[in-house]
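A quick write-up on the structure given underneath.
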Amino acid sequence: MEFNPSDAGQSSGYELLPEGTYDIEVIDAEERTSQKGNEMIALTLQAQHPDGYSVRIWDYLVSVAAATFKIEQFCAAAGLQDKFKAGRLLADDCVGKKLSAKIEIESGRDNYSDRNSIREYVTSGSTAKGIATQPGTTETPKPIAEEEIPF
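So the sequence shown is numbered by this note's numbering: it starts at 201 and just counts up by one.
This is the structure in structure tokens:
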């Protein structure tokens, strides 16, 4: 493998998504055990950056009482309410689901840079959309009277 060592200090061109609500897709899901021994599903999500390229975000649905609200949000947004009510969600249930989420920028820690994270999963139509999916305005400007023109 060959590379240019002077490229090490340059930006990768990767930019974080601006905070907002985005349409996302679950492109991978894996059942794992958390560091504390709890069952969880590790999600790999994909959203579209306003500049046109795909951005990946990672999130975790952890099976503990304090995090059940997040599992409920995810299931409601992904159309998996029956799985939530049954109390059983599998990684395979998640893959390919398209939904919306409020995405935020989380400050980096432990020598890692800032990253995007999921603030909450939302059901379609429940909030204003972020930059990536914001439609153009359809309002026509208010007409200006001739006496309001400054020249």
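Just so you know, even glycine gets a beta-carbon here, dropped at the ideal spot from N, CA and C.
Going by DSSP, what residues sit across from residue i in a beta bridge?
i	result
V226	L245
Y260	A242
E231	I241
N316	I305
G220	I303
V295	V295 is not bridged to any residue.
Quick one, are the C-beta atoms of residue i and residue j less than 7 Å apart?
i	j	result
V264	S300	no
V295	A242	no
Q281	E320	no
Mapping the DSSP letters down to three states, classify residue i as helix, strand or coil.
i	result
T323	coil
S211	For S211, the pLDDT reaches just 49, beneath the cut-off of 50, and the residue's location in the model is therefore unreliable, leaving the point undetermined.
E187	Limits of the chain in this structure are 201 at one end and 351 at the other, which puts residue 187 out of reach.
K302	strand
G330	Note on G330: pLDDT 48, under 50, position unreliable in the model; the coordinate value appears next. Reduced to three states, the DSSP call for G330 is coil.
I believe residue i touches residue j by the beta-carbon criterion, under 8 Å. Please report the beta-carbon distance rounded to the nearest angstrom.
i	j	result
E225	K298	5 Å
I303	A247	7 Å
L245	R256	7 Å
L217	M240	About 23 Å; that fails the 8 Å criterion.
Notebook entry, point to check: With contact counted as at least three CB pairs below 8 Å, one residue from each stretch, are the segment 287 to 294 and the segment 305 to 316 in contact?
Noted result: The answer is no - the segment 305 to 316 does not touch the segment 287 to 294, with fewer than three Cβ pairs under 8 Å.
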